[in-house]
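A.B. asks: Take this structure first; my questions come after.
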Amino acid sequence: MEFSAQQIADFLKGDITGNPHVNVSDFAKIEEAVPGTLTFLSNMKYAPYLYSTKASIVLINKTFELTEPVSPTLIRVDDAYASLAMLLSLIEKAKQRKTGREKPVYVAESASVPENCYVGVFTCISENTSIGENTQIYPQVFIGENVTIGERCIIYPGVKIYAETRIGKNCILHAGAVIGSDGFGFAPEGEAYSKIPQIGIVEIEDNVEIGANATIDRATMGKTLIRKGVKLDNLVHIAHNVEVGENTVMAAQTGIAGSTKIGASCMFGGQVGISGHIEVGDNVKLGAQSGVHNSVKHNSTMMGTPALDARNFAKSSAVFKQLPELRWDIIQLIKNSDNNTNDNK
Amino acid sequence: MEFSAQQIADFLKGDITGNPHVNVSDFAKIEEAVPGTLTFLSNMKYAPYLYSTKASIVLINKTFELTEPVSPTLIRVDDAYASLAMLLSLIEKAKQRKTGREKPVYVAESASVPENCYVGVFTCISENTSIGENTQIYPQVFIGENVTIGERCIIYPGVKIYAETRIGKNCILHAGAVIGSDGFGFAPEGEAYSKIPQIGIVEIEDNVEIGANATIDRATMGKTLIRKGVKLDNLVHIAHNVEVGENTVMAAQTGIAGSTKIGASCMFGGQVGISGHIEVGDNVKLGAQSGVHNSVKHNSTMMGTPALDARNFAKSSAVFKQLPELRWDIIQLIKNSDNNTNDNK
Amino acid sequence: MEFSAQQIADFLKGDITGNPHVNVSDFAKIEEAVPGTLTFLSNMKYAPYLYSTKASIVLINKTFELTEPVSPTLIRVDDAYASLAMLLSLIEKAKQRKTGREKPVYVAESASVPENCYVGVFTCISENTSIGENTQIYPQVFIGENVTIGERCIIYPGVKIYAETRIGKNCILHAGAVIGSDGFGFAPEGEAYSKIPQIGIVEIEDNVEIGANATIDRATMGKTLIRKGVKLDNLVHIAHNVEVGENTVMAAQTGIAGSTKIGASCMFGGQVGISGHIEVGDNVKLGAQSGVHNSVKHNSTMMGTPALDARNFAKSSAVFKQLPELRWDIIQLIKNSDNNTNDNK
Chain X
-13 MEFSAQQIAD FLKGDITGNP HVNVSDFAKI EEAVPGTLTF LSNMKYAPYL YSTKASIVLI
47 NKTFELTEPV SPTLIRVDDA YASLAMLLSL IEKAKQRKTG REKPVYVAES ASVPENCYVG
107 VFTCISENTS IGENTQIYPQ VFIGENVTIG ERCIIYPGVK IYAETRIGKN CILHAGAVIG
167 SDGFGFAPEG EAYSKIPQIG IVEIEDNVEI GANATIDRAT MGKTLIRKGV KLDNLVHIAH
227 NVEVGENTVM AAQTGIAGST KIGASCMFGG QVGISGHIEV GDNVKLGAQS GVHNSVKHNS
287 TMMGTPALDA RNFAKSSAVF KQLPELRWDI IQLIKNSDNN TNDNK
Chain Y
-13 MEFSAQQIAD FLKGDITGNP HVNVSDFAKI EEAVPGTLTF LSNMKYAPYL YSTKASIVLI
47 NKTFELTEPV SPTLIRVDDA YASLAMLLSL IEKAKQRKTG REKPVYVAES ASVPENCYVG
107 VFTCISENTS IGENTQIYPQ VFIGENVTIG ERCIIYPGVK IYAETRIGKN CILHAGAVIG
167 SDGFGFAPEG EAYSKIPQIG IVEIEDNVEI GANATIDRAT MGKTLIRKGV KLDNLVHIAH
227 NVEVGENTVM AAQTGIAGST KIGASCMFGG QVGISGHIEV GDNVKLGAQS GVHNSVKHNS
287 TMMGTPALDA RNFAKSSAVF KQLPELRWDI IQLIKNSDNN TNDNK
Chain V
-13 MEFSAQQIAD FLKGDITGNP HVNVSDFAKI EEAVPGTLTF LSNMKYAPYL YSTKASIVLI
47 NKTFELTEPV SPTLIRVDDA YASLAMLLSL IEKAKQRKTG REKPVYVAES ASVPENCYVG
107 VFTCISENTS IGENTQIYPQ VFIGENVTIG ERCIIYPGVK IYAETRIGKN CILHAGAVIG
167 SDGFGFAPEG EAYSKIPQIG IVEIEDNVEI GANATIDRAT MGKTLIRKGV KLDNLVHIAH
227 NVEVGENTVM AAQTGIAGST KIGASCMFGG QVGISGHIEV GDNVKLGAQS GVHNSVKHNS
287 TMMGTPALDA RNFAKSSAVF KQLPELRWDI IQLIKNSDNN TNDNK
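Residue numbers (my numbering), protein chains in the order written: chain X, -13 to 331; chain Y, -13 to 331; chain V, -13 to 331.
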């Protein structure tokens, strides 16, 4: 399917600079684009490619100022990345959604699965479970008993959802994600441990996306709660009784220990670790690999293990590099000081 | 089902303070409890909630001293957490255990699977494999050839157990765990690598629990050994030829590199990393995100990367924060020292 | 099956010291070996075991010099580890390869699956997908639409391969690996995020091995590229649009953020984290748990977070341990300096 720059600009309510009649039929990254493709410039690290890209159309922010002439047609919009997202979403929506039940599947008689749902082959939907309208469940998914899943969710292959889990609407669970496994709770019993049965649940609100092979444990009692709009990347671990606030985003391999409460609109880099039984405020930003041991105030930006204010971490890290020289300076100072003391005697 | 404080106290051999006739029908966390629920106080961080909780019954340690009057009935026991575990276990045991074979499943003719086992739909049990009495195998599990699994295990959905693996009794494997995948062994061959076939096995002793999406690699030769009572949390990685001692506990996302031997009764926080070919003694405690490069003595408590004695790490970390100021002090001292030297001339 | 030292030495073109007629029927680690087994000495940490091992045959490097007499027959070769790999590979090849289709499986009519492939039970191969000759696909694997997989691959149980993925020949994917899940891309939309559809693909070249429960995300546009000979350990995460160069090796739980380009022949320890949108050169070595925030030159060896040259990191870490003492020294120097200043007045 081909679209002209004019058609795209009209759709995005953008302004054209250059030839409005040029057509594109695919997307490409700015540094790899070929003629006939549309690309975008959002991360300014890639700005130099604007002047050499072979793309036919570039989406670009209205505020961007050219420093040289460019050959592609530009479509200027308020936010190039958001506009790209709109175009890509159009494409996604044009794809035919799967429906119907492949065979064999296992759907318990007491389960409620609307006709317009897709149920992939070798999937198991257990007793008393209820699936919302237009939800797509790929092959080899396991859904335990008494689970509820809302409308228009996508459950990718091999997702495992334990009994009693509640999932809202418009959620996406990627392949291999495990929801509702037992929390890690044991009581010492002599040298060994006895298991604390985990009788709570996991509740996931609307518009949540959970990455491949991520794990979210059920609560000991009560619930582990993932609030609406949360996005968790691959291999993230959420322990029992954790609560994650609205629209918080965690990059891959981050782990949150038990009973910790994370605020809304936080952004965590990859491989962050957060201790149990603490509170992290709203709008907290944590650099990759940070280790947070204590509660964190709203609007903090932190980094390191144990995590410090990010600017302080950067400053201390810069000095960390110089430690061998500083140690040497101190040794010299002590020597001089001893000499001085002797001199002064 | 309802129980009175008296019934519960009798079962736990605890002492009642307050109304012995109050009834509960559910559990709750102390800060979220509603009337009609039982809660517990074990972690002293939550002690302030004791005076405001709406729970009808609170399990509490005999040694705990009230600082204000409380409204719930208290049941005083030696260890509130262990008593809670006992109650939760009662509930668990009351749940009906699944039995029988769902359809379709694949069970090789040469496999031995007792009648009282549960075999969930779409599960595959391969040739010459032997399953113990009363073991429950959920849907979509893969068990390779020549595997032995003991009595009363629970294998959750989607667990993958490679050929030759041996698993003891009373083990719990959570969804998506992979046992017996090839160790990561390659020999350089020019610029590329040739694979070292991994002909060893994984052996897991009794009473082991393994978290969701955790991975335990088979040995190159001999075995990767998880001793009895070990508890591994979600997304833990155990490399080839590792040995983990009895009753050792590792929190989520911890990784142990090849051929390392971990002692008994260790406790590792989340995201700990341990190098290959070293020995970690018994009763070693490692803080979250620690990186251990060298062998560790019995009874050590360590933290940081590279790991230090935990108290020393805390002290050094405290100074790390002050490094920019200390650097400035040193610069000033050098300047003064130069001046002094000049003065003294 | 038994082999004599002479037969093995002939096969490996090695030199025998000791009895050439001794027979072995199994492999063992040097410290655990029993009579009738063959072992090897490659990592010099294990050299002391050479003089006490009960193995009947030891493979050893030609350059190794004995310091005491030994009882096993020695077979001296150029590279003991590579020779071991050759022997283990022989054993592997002697194992009968599985073929045929178990039942039930789901293979779309439009899929191309040669007769000599193995397709395990409960596996799903979707529309227009093409599998190469002699490839083995274990049970419960999901392969989406329009996927191509080359010859002689092994896809272990429960692997999930999303639509459009391309995989070369001689690749091994371990259980639970997820290939082609959506990249983690969202555009802010008020307080919430809107998903950036990920319309790119994953391409994996020849001779790649991917560990259990590892995840490789598809590109936003274009492709995420794993070049030939790459070896990724368990639970590794590769984000969208990453490129990993030939023969690069990453240990378990390492994560690479989006759009980063990793060079050829790199070696990363476990739990390494690399930021997005940077370039890591060829032959770069990164110590376990390193955190790399900026582009790295060819042939660098780095460690720490943020990563430093490994020797500098070691030196700075040594001083980190002494920080409390150094801080005390500085305080004393300041006190002395003040006194001196007063003295000099």
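We put the beta carbon where it would ideally sit given N, CA and C, even for glycine. Small disclaimer: the values here were computed from a predicted structure and weren't measured.
(1) In the segment 298 to 325 of chain X, which residues sit with their C-beta less than 7 Å from some C-beta in chain V, listed in chain order?
(2) Should D203/Y be flagged as near chain X, meaning a C-beta pair shorter than 7 Å?
(3) What would DSSP say about R204/V, mapped onto helix, strand or coil?
(4) Since L319/Y and L319/V should fall inside the 8 Å C-beta cutoff, what is the C-beta to C-beta distance between them, to a whole number of angstroms?
(5) Would E177/V pass as an interface residue toward chain X - the criterion being a Cβ-Cβ separation below 7 Å?
(6) For F108/V, which three-state DSSP category applies?
(7) Just the C-alpha distance for S251/Y and V228/Y, rounded to the nearest angstrom, thanks.
(8) Could you check whether the Cβ of G256/X sits closer than 7 Å to any Cβ belonging to chain Y?
(9) Between T240/V, T115/V, V133/V and G86/V, which has its C-alpha nearest P125/V's C-alpha?
(10) For the ligand FMN, any of its heavy atoms closer than 6 Å to the Cβ of P292/X?
(11) Should the segment 193 to 205 of chain Y be regarded as contacting the segment 264 to 273 of chain V, the criterion being three or more beta carbon pairs within less than 8 Å?
(12) On the three-state DSSP scale, how would you describe L272/V?
(13) What are the residues in the segment 259 to 276 of chain V lying within 8 Å of chain Y by C-beta distance?
(14) Any beta carbon from chain V within less than 7 Å of V20/X's own beta carbon?
(15) Using only the alpha-carbon positions, how far apart do F172/X and G259/X sit?
(16) Determine, using beta-carbon pairs with one atom in the segment -8 to -1 of chain Y and one in the segment -12 to 6 of chain V, whether at least three such pairs fall under 8 Å.
(17) Between the Cα of H226/Y and those of S116/Y, E191/Y, V235/Y and K247/Y, spot the shortest distance and give me the residue it belongs to.
(18) May I have the straight-line CA-CA distance separating C139/Y from R62/Y, to the nearest angstrom?
(19) Pick helix, strand or coil for K331/Y, following the three-state DSSP scheme.
(20) So, with DSSP's three-state summary, where would you put Y368/Y?
(21) Compute the beta-carbon to beta-carbon distance between P100/V and I77/V, rounded to the nearest angstrom, for a pair I have assumed lies under 8 Å.
(22) Of all the options G249/V, H160/V and Y142/V, which has the alpha carbon lying nearest to the alpha carbon of N233/V?
(23) Alpha carbon to alpha carbon, how far is H160/Y from A237/Y? Give it in angstroms, no decimals.
(24) What do you get for I317/X, buried or exposed, if any count of 16 or more other CB atoms within 10 angstroms of its CB means buried?
(25) Measuring alpha carbon to alpha carbon, tell me which of E191/X, G162/X and E(-12)/X ends up nearest D219/X.
(26) In whole angstroms, what separates the C-alpha of K89/Y from that of I123/Y?
(27) Under a three-way DSSP split, which group does D315/V fall into?
(28) Going straight from the alpha carbon of K331/X to that of N325/V, what length do you get?
(29) Just mark S261/X as buried or exposed, buried being the case when its beta carbon has 16 or more other beta carbons within 10 Å.
(30) Check whether the segment 64 to 81 of chain V and the segment 91 to 99 of chain V are in contact - that is, three or more C-beta pairs closer than 8 Å.
(31) Distance cutoff 7 Å, beta carbons only. Does F170/V sit that close to anything in chain X?
(32) Nearest chain Y C-beta to H160/V closer than 7 Å, yes or no?
(33) Tell me whether K321/Y is buried or exposed, calling it buried when 16 or more other Cβ atoms sit within 10 Å of its Cβ.
(34) Just the C-alpha distance for R83/V and Y104/V, rounded to the nearest angstrom, thanks.
(35) Helix, strand or coil for I16/Y? Go by DSSP, reduced to three states.
C.D. replies: So, from the data block:
(1) Residues of the segment 298 to 325 of chain X with a Cβ closer than 7 Å to any Cβ of chain V, in chain order: S303, F306, K307, L309, P310, R313, I316, L319, I320 and S323.
(2) Taking the second sequence and counting its residues from 1, the one referred to as residue 203/Y is at position 217. The beta-carbon of D203/Y is placed no less than 7 Å from the nearest beta-carbon of chain X.
(3) Position 218 of the third sequence holds residue 204/V. Under the three-state reduction of DSSP, R204/V is assigned to coil, being neither helix nor strand.
(4) Numbered from its first residue, the second sequence carries residue 319/Y at position 333. Numbered from its first residue, the third sequence carries residue 319/V at position 333. Going by Cβ atoms, the distance from L319/Y to L319/V rounds to 5 Å, so yes, they are a contact pair.
(5) Numbered from 1 along the third sequence, position 191 holds the residue referred to as residue 177/V. Judged by the 7 Å Cβ criterion, E177/V is in contact with chain X.
(6) Along the third sequence, read from residue 1 onward, the residue named residue 108/V stands at position 122. The three-state secondary structure of F108/V, taken from DSSP, is coil.
(7) Stepping through the second sequence from its first residue, residue 251/Y is reached at position 265. Stepping through the second sequence from its first residue, residue 228/Y is reached at position 242. One C-alpha to the other measures close to 16 Å.
(8) Walking along the first sequence from the start, residue 256/X turns up at place 270. Chain Y contact via Cβ: absent.
(9) Along the third sequence, one-based indexing puts residue 125/V at 139. A check of alpha carbon separations from P125/V across T240/V, T115/V, V133/V and G86/V identifies G86/V as the nearest.
(10) Absence of the ligand FMN is noted for the structure shown, with no ligands found whatsoever.
(11) A contact between stretches requires three or more CB pairs, one per stretch, nearer than 8 Å, and the segment 193 to 205 of chain Y fails this requirement with the segment 264 to 273 of chain V.
(12) Counting from one through the third sequence, the residue named residue 272/V turns up at place 286. Here L272/V sits in strand by DSSP.
(13) Per Cβ criterion, the list reads A274 and Q275.
(14) Translated into the one-based positions of the first sequence, residue 20/X becomes position 34. Put simply, the CB of V20/X is far from chain V, with every gap to its CB atoms at 7 Å or more.
(15) As a first step, residue 172/X is located in the first sequence; it is residue number 186 there, counting from the start. As a first step, residue 259/X is located in the first sequence; it is residue number 273 there, counting from the start. Going from the Cα of F172/X to the Cα of G259/X covers about 21 Å.
(16) Contact fails: fewer than three Cβ-Cβ distances are below 8 Å.
(17) By one-based count along the second sequence, residue 226/Y stands at place 240. Comparing alpha-carbon positions, the option among S116/Y, E191/Y, V235/Y and K247/Y lying closest to H226/Y turns out to be K247/Y.
(18) Here residue 139/Y is taken as the residue at index 153 of the second sequence, counted from 1. Here residue 62/Y is taken as the residue at index 76 of the second sequence, counted from 1. It is roughly 34 Å from the alpha-carbon of C139/Y to the alpha-carbon of R62/Y.
(19) If you number the second sequence from 1, residue 331/Y lands on position 345. Its pLDDT being 49, under 50, K331/Y is placed unreliably in this model, and the coordinates cannot settle the point.
(20) Chain Y is shown from -13 up to 331; residue 368/Y falls before or after that span and cannot be answered.
(21) The residue labelled residue 100/V in the question sits at position 114 within the third sequence. The residue labelled residue 77/V in the question sits at position 91 within the third sequence. In fact, because the Cβ distance is near 26 Å, the residues do not count as touching under 8 Å.
(22) The residue labelled residue 233/V in the question sits at position 247 within the third sequence. Ranking the options by Cα distance to N233/V, first place goes to G249/V.
(23) Here residue 237/Y is taken as the residue at index 251 of the second sequence, counted from 1. Here residue 160/Y is taken as the residue at index 174 of the second sequence, counted from 1. For A237/Y and H160/Y, the distance between alpha carbons rounds to 14 Å.
(24) Sequence index remark: in the first sequence, residue 317/X carries index 331 (1-based). The residue is exposed, with fewer than 16 neighbouring Cβ atoms inside 10 Å.
(25) Reading the first sequence from its first residue, position 233 is the one you call residue 219/X. Nearest neighbour of D219/X by Cα position, chosen from E191/X, G162/X and E(-12)/X, turns out to be G162/X.
(26) By one-based count along the second sequence, residue 89/Y stands at place 103. By one-based count along the second sequence, residue 123/Y stands at place 137. About 13 Å.
(27) Stepping through the third sequence from its first residue, residue 315/V is reached at position 329. Judged by DSSP in its simplified three-state form, D315/V adopts helix.
(28) In the first sequence, counting from the first residue as 1, residue 331/X sits at position 345. In the third sequence, counting from the first residue as 1, residue 325/V sits at position 339. Annotation note: pLDDT 49 at K331/X (below 50); position unreliable, coordinate value reported separately. The alpha-carbon of K331/X is positioned some 13 Å away from that of N325/V.
(29) Numbered from its first residue, the first sequence carries residue 261/X at position 275. When all chains shown are included, S261/X counts as buried.
(30) Between the segment 64 to 81 of chain V and the segment 91 to 99 of chain V, the count of Cβ pairs shorter than 8 Å is below three; the stretches do not touch.
(31) Taking the third sequence and counting its residues from 1, the one referred to as residue 170/V is at position 184. It does: the Cβ of F170/V has a partner Cβ on chain X nearer than 7 Å.
(32) If you number the third sequence from 1, residue 160/V lands on position 174. True, the Cβ-Cβ gap to chain Y drops below 7 Å.
(33) Along the second sequence, one-based indexing puts residue 321/Y at 335. Only exposed fits K321/Y, as fewer than 16 other CB atoms lie within 10 angstroms of its CB.
(34) Against the third sequence, residue 83/V aligns to sequence position 97. Against the third sequence, residue 104/V aligns to sequence position 118. Answer to the nearest angstrom: the Cα atoms are 8 Å apart.
(35) Numbered from its first residue, the second sequence carries residue 16/Y at position 30. Coil, per DSSP.
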